[in-house]
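Heads up: the structure comes next, in structure tokens.
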Amino acid sequence: MPATAIEVKDVSFFYNGHPILAKVNLTVGELDFLAIMGPNGSGKTTLFKIILGILNPAQGSVRIFGKTPREAAGLLGYVPQDTGLNKDFPISVFDVALMGRLGRTGLSRRFTSEDRELARKVLEQVGMWDFRDRQIGKLSGGQRQRVFIARALSVEPKILLMDEPTASVDAQFQTDLYSLLKELNSSITVVVVSHDVSVLSGYINSVACLNRTLFYHGSGEVTEEMLHSAYQCPVDLIAHGGVPHRVLRKHDHKDS
Ligand code: ADP
């Protein structure tokens with residue numbers, strides 16, 4: 010039995026009295042690769058922020074390897090959809106990776122040789138070391154995304170949460186990105202918010218649909234009817250190399 014990486018129990022959350030999440034339950038095992046999908050505004054980013062301890066749930070609880078999100082801060086790496094970094098800001102790839110170290114140790118200190126070594130390691134991991142001196146704004150969207158993954162990895166997390174960019178990115182970029190996440194998944198639990206799951210085939214091993222409540226399907230339990238009634242997602246069940254994967258067919262949501 011793998012350890013439980015993330016346990017979300019009966020979590021509800023409101024913005025200005027409006028229910029955003031209602032009794033969400035989710036268990037993610039260590040080294041799982043979970044995709045969370047759902048229409049725009051369905052609460053995916055909010056759920057990530059609750060898992061990260063940035064927002065507190067009105068009800069329910071979250072545990073990360075048995076700890077509260079605050080206690081577990083160093084165990085979580087986060088790649089937000091909006092990185093908040095001005096693309097024109099003259100900062101190098103290496104410095105972006107290095108900045109991630111501040112999340113672990115606080116803002117008011119100097120970088121050590123260990124920080125620099127880790128920044129090198131994570132840039133190598135995502136295939137961006139050769140670009141270390143390049144200004145972040147002078148990269149392609151896909152390359153920039155890799156650097157932000159490196160920044161998230163620089164805290165040496167056990168779990169990587171990634172809010173996939175909504176901006177339309179080409180299929181090759183998506184495939185490369187998922188290949189990278191799959192590689193990382195050999196040593197780290199990965200949860201990705203995905204908007205286009207048609208390219209997820211062969212990478213993820215579970216999928217959850219969020220639409221204020223969460224429809225999560227433990228291994229082997231998902232059925233087309235369940236997903237369709239929850240979320241209007243047509244789903245295919247396919248096996249890759251003996252491991253069953255649940256893959257949603259390409260589809261459109263009126264509101265996404
Ligand atoms: P998703 O990531 O699935 O697109 P979000 O979690 O970002 O959804 O948002 C869920 C809902 O909460 C949306 O209706 C959004 O408008 C609302 N919301 C998000 N952030 C705030 C905020 N800071 N204040 C008020 N409402 C918010």
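The numbering used here puts the first residue of the sequence shown at 10, with every later residue one more than the last. Just so you know, even glycine gets a beta-carbon here, dropped at the ideal spot from N, CA and C. This one's a predicted model, so the numbers in the text were calculated from it and none came from an experiment.
The residue from Leu56, Val164 and Gly69 with its alpha-carbon nearest to that of aspartate 19 is Gly69. One Cα belongs to phenylalanine 140, the other to lysine 32, and the distance between them is close to 44 Å. In this structure, the ligand ADP has no non-hydrogen atom nearer than 8 Å to the beta-carbon of threonine 222. Shown here, isoleucine 59 sits in a helix according to DSSP, grouped into three states. Bounds of any beta strand (DSSP E) do not take in valine 135, whose DSSP letter is neither H nor E. By the neighbour-count definition (other C-beta atoms within 10 Å, threshold 16), tyrosine 24 is an exposed residue. For the 9 Å CB-CB criterion, alanine 67 and phenylalanine 103 do not form a contact.
Beyond the five residues adjoining it in sequence on each side, phenylalanine 42 comes within less than 6 Å, by CB distance, of Asn194, Val199, Ile213 and Asn214 in the same chain, given in chain order. By the C-beta criterion, the stretch 75-83 is judged not to be in contact with the stretch 152-162, since fewer than 3 inter-stretch pairs fall below 8 Å. Those residues that have a beta carbon less than 5 Å away from any non-hydrogen atom of the ligand ADP are, in order along the chain, Tyr24, Ile29, Asn49, Gly50, Ser51, Gly52, Lys53, Thr54 and Thr55. DSSP places glutamine 181 within a helical segment (H, G or I) once states are collapsed to three.
Secondary structure note for phenylalanine 120: it is in no alpha helix (DSSP H), with a DSSP letter that is neither H nor E. If you draw a straight line from the Cα of leucine 84 to the Cα of methionine 137, it is about 23 Å long. Counting the other CB atoms within 10 Å of its CB gives serine 122 a total below 16, which places it among the exposed residues.
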